[in-house]
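J.: Heads up: the sequence shown begins at 1 in full-length UniProt numbering, then just goes up one per residue.
Heads up, the beta-carbon is just placed ideally off N, CA and C, and yes, glycines get one too.
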Amino acid sequence: MSDAAAYGDVTHGEERGEAQAATEAGVPLTTGALARRLGVSPTTLRSWDRRYGIGPAARADGRHRRWTRQDVAVLEAMCRLTSSGVPPAEAARAAKDTADTPPGTAEAYVRPPTPSPSKAAGTLPLGDVRQECRGLARAAVRLDAPAVEAQLAAAVEQYGVAVAWQEVMAPTLHAVGRKWASSGDRYVEVEHMLSWHVSTTLRRHTPAPERQGDVSATGPVLLACVPGEQHTLALEALNAALGAVHLPTRMFGAAVPVEALTAAVQRLGPSAVVLWAQARSTASLPLARHVADTQWGVKGARRGPLVVLGGPGWSGPSTRGLPRPHTLPQALDLLSGAHRSESTGERP
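1) Cutting at 7 Å between CB atoms, please list the residues of its own chain near valine 258, excluding the five before and the five after it.
2) Going along the chain, which residues of its own chain have a beta-carbon closer than 7 Å to the beta-carbon of arginine 130, five neighbours each way excluded?
3) For alanine 283, which three-state DSSP category applies?
4) Tell me which residue opens and which closes the alpha helix (DSSP H) that tryptophan 48 is part of.
5) Measure the alpha-carbon distance for tryptophan 165 versus leucine 202 and round it to whole angstroms.
6) Looking at the strands, I want to know which residues DSSP matches up with threonine 249.
7) Does any CB atom of chain D fall closer than 9 Å to the CB of tyrosine 159?
8) Taking 6 Å as the limit between beta carbons, can you name the residues of its chain near lysine 70, skipping five residues before and five after?
9) Is alanine 272 helix, strand or coil when you go by DSSP?
10) Sorted by chain position, which residues of the same chain lie with C-beta nearer than 7 Å to alanine 108's C-beta, five sequence neighbours on each side aside?
11) Among Ala162, Ala244, Ala175, which residue has its Cα nearest to the Cα of alanine 327?
12) Alanine 221 and leucine 242 look like a contact to me (Cβ under 8 Å); what is the Cβ gap, rounded to whole Å?
13) Rounded to whole angstroms, what's the CA-CA distance from residue 368 to valine 190? Just pull it up for me.
14) Starting from the C-beta of arginine 111, find all residues in its chain whose C-beta is less than 7 Å away, skip the five residues before and the five after it, and write them out in chain order.
15) Quick one, are the C-beta atoms of alanine 338 and serine 271 less than 9 Å apart?
16) Using DSSP with H/G/I as helix, E/B as strand and the rest coil, what is valine 256?
17) Do arginine 250 and alanine 237 have their beta-carbon atoms positioned less than 9 Å apart in this structure?
18) Check this for me: beta carbons of proline 323 and leucine 334, under 9 Å apart or not?
19) Taking Cβ to Cβ, would you say glycine 253 is nearer than 9 Å to glutamine 278?
20) What's the gap between the Cα of histidine 55 and the Cα of arginine 138?
21) Residues in the same chain with beta-carbon distance under 8 Å from histidine 197, minus the five sequence neighbours each way, listed in chain order, please.
22) At the level of alpha carbons, what is the spacing between arginine 46 and arginine 320?
23) To the nearest angstrom, how far is it from the Cα of glutamate 132 to the Cα of alanine 155?
24) Rounded to whole angstroms, what is the Cα-Cα separation between aspartate 97 and arginine 80?
25) Determine the direct distance from the alpha carbon of arginine 142 to that of threonine 44, and round the result to whole angstroms.
26) How would you label valine 316, buried or exposed, when you count the other beta carbons within 10 angstroms and need 16 or more for buried?
27) Comparing C-alpha positions only, which one of Ala95, Arg50, Ala140 sits nearest to valine 40?
28) Given this structure, state the Cα-to-Cα distance separating threonine 172 from alanine 240, to the nearest angstrom.
29) How is arginine 66 classed by DSSP in three states: helix, strand or coil?
Structure follows, in structure tokens:
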């Protein structure tokens, strides 16, 4: 069980268990109880009822919604379909048609054709992206942690870390960030939850250090954010992708002090050092050149690392002589070449 799922069980397990028991006993559920069971907000259920006609078959006193077992089956199908990227209107139609069918007969709806770029996922500005981005965005906006976790894991399993980051995780994170920036601090909770689950997924798919190769012959790739830089997700993605191709790494994470970074370089003798700067205010060329000039080894055979600049923060200053890959695949190619060159005694 994931940490997120375990936390959900601790905080809402009793309510969900009661809702499950009530449904199985044939007792209609209130909107609040059903929302807790499905992991969505009551507002979402009311909106689906109003927009798509997915509502309760009966209402107590003509006003209050009461959801029957059949209603719950339709809503569960709706949640599964929207979480897999199906547009809500299409998912509503499919949920009504397939809720009573045996498992597996609605498989065609689980992997629908890629929608046109004009169709938006929820309220996020996604544009022309993979189908998986749309499902991930909808789950994130609903704060549906189990669905977010399942979508991320499925993307990594199907495409690998590099493609999943480049074409599923990063576009969705960027869309959330743009929405946050343009909506007066709304959606902050969406960004925080999505970022946490992305980080968790990346770490779960990072091979253990002992499986990343022998670091005694060739130094590892050292990954660090520059001082003052707290954004680590892209570095975590690169760390996982390097592990997947069996390159040894040492991840130091956010805001590494200059003295600590220099000491780590001298102790590890890395084949390369990746310095991440998300903002121009944290990017420091003097620091990058200081790291590049750091050497180790006996006199007459001293060596230094290849310093690679990562992140949009480096777009302003002149980075002559210091490679700056713009995508994760480019960084993988560059660092793989540096590692091979180090093992053969050549420089890339």
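T.: With the given structure in hand:
1) Here residue 258 refers to the residue found at position 258 when the sequence shown is read from its first residue. Counting only Cβ-Cβ distances below 7 Å, and skipping sequence neighbours, we find Pro227, Leu287.
2) Residue numbering aside, residue 130 sits at position 130 when the sequence shown is read from its first letter. Closer than 7 Å at the Cβ level, and outside the excluded window around arginine 130, lie Glu167, Val168.
3) The residue labelled residue 283 in the question sits at position 283 within the sequence shown. Reduced to three states, the DSSP call for alanine 283 is coil.
4) Locating residue 48 in the sequence shown gives position 48, where the first residue counts as 1. Unbroken alpha helix (DSSP H) run through tryptophan 48: 42–52.
5) Here residue 165 is taken as the residue at index 165 of the sequence shown, counted from 1. Here residue 202 is taken as the residue at index 202 of the sequence shown, counted from 1. The straight-line gap from Cα to Cα measures roughly 9 Å.
6) Within the sequence shown, the letter at position 249 stands for residue 249. Answer by DSSP bridge pairing, in chain order: Val221.
7) You won't find chain D in this structure, because it holds only one protein chain.
8) The residue labelled residue 70 in the question sits at position 70 within the sequence shown. The sequence shown places glutamine at residue 70, rather than the lysine named in the question. For glutamine 70, where only same-chain residues beyond five positions count, there are no Cβ hits under 6 Å.
9) For this step, residue 272 is matched to residue 272 along the sequence shown. Strand at alanine 272.
10) What you label residue 108 is simply residue 108 of the sequence shown in a count that begins at 1. The predicted position of alanine 108 is uncertain, since its pLDDT is 33 and thus under 50; no value can be drawn from it.
11) Translated into positions along the sequence shown, residue 327 becomes position 327. The question names alanine, but residue 327 is threonine in the sequence shown. Minimum Cα distance to threonine 327 is reached at Ala162.
12) As a first step, residue 221 is located in the sequence shown; it is residue number 221 there, counting from the start. As a first step, residue 242 is located in the sequence shown; it is residue number 242 there, counting from the start. The identity of residue 221 in the sequence shown is valine, whereas the question assumes alanine. About 6 Å; that satisfies the 8 Å criterion.
13) Examination of residue 368 is not possible in this model, given that the chain is present from 1 through 348 alone.
14) Here residue 111 is taken as the residue at index 111 of the sequence shown, counted from 1. Residue placement at arginine 111 cannot be trusted, given a pLDDT of 36 that sits under 50; the coordinates are not used to answer.
15) The sequence position of residue 338 within the sequence shown is 338, counting from 1. The sequence position of residue 271 within the sequence shown is 271, counting from 1. Yes, Cβ-Cβ distance for alanine 338 and serine 271 is below 9 Å.
16) Walking along the sequence shown from the start, residue 256 turns up at place 256. The answer is coil: DSSP assigns valine 256 none of H, G, I, E or B.
17) Here residue 237 refers to the residue found at position 237 when the sequence shown is read from its first residue. Here residue 250 refers to the residue found at position 250 when the sequence shown is read from its first residue. Not in contact: alanine 237 and arginine 250 (Cβ atoms no closer than 9 Å).
18) By 1-based counting over the sequence shown, the position of residue 323 is 323. By 1-based counting over the sequence shown, the position of residue 334 is 334. Yes, these two residues count as a Cβ contact at 9 Å.
19) For the purposes of this step, residue 253 is taken as the residue at position 253 of the sequence shown. For the purposes of this step, residue 278 is taken as the residue at position 278 of the sequence shown. No.
20) The residue given as residue 55 occupies position 55 in the sequence shown. The residue given as residue 138 occupies position 138 in the sequence shown. The question names histidine, yet the displayed sequence has glycine at residue 55. Taking the straight line joining both Cα atoms gives about 20 Å.
21) Start at 1 with the first residue of the sequence shown, and residue 197 comes out as number 197. Result list for histidine 197: Ala4, Ala145, Val148, Glu149, Leu152, in chain order.
22) Counted from its first residue, the sequence shown places residue 46 at position 46. Counted from its first residue, the sequence shown places residue 320 at position 320. Near 57 Å, if we compare the C-alpha coordinates of arginine 320 and arginine 46.
23) Here the question's residue 132 lines up with position 132 in the sequence shown. Here the question's residue 155 lines up with position 155 in the sequence shown. Distance between the alpha carbons of glutamate 132 and alanine 155 is about 7 Å.
24) Position 97 of the sequence shown, counting from 1, holds the residue named residue 97. Position 80 of the sequence shown, counting from 1, holds the residue named residue 80. Approximately 14 Å, taken between the alpha carbons.
25) For the purposes of this step, residue 44 is taken as the residue at position 44 of the sequence shown. For the purposes of this step, residue 142 is taken as the residue at position 142 of the sequence shown. Each residue's Cα considered, the two are about 8 Å apart.
26) On the sequence shown, position 316 is the one that residue 316 refers to. The residue asked about is misnamed: residue 316 is glycine in this sequence, not valine. Under this definition glycine 316 is an exposed residue.
27) The sequence position of residue 40 within the sequence shown is 40, counting from 1. The option with the nearest alpha carbon to valine 40 is Ala140.
28) The residue labelled residue 172 in the question sits at position 172 within the sequence shown. The residue labelled residue 240 in the question sits at position 240 within the sequence shown. Cα to Cα, threonine 172 sits roughly 19 Å from alanine 240.
29) As a working mapping, residue 66 is identified with position 66 in the sequence shown. In the structure shown, arginine 66 sits in a strand (DSSP, three-state: E or B).
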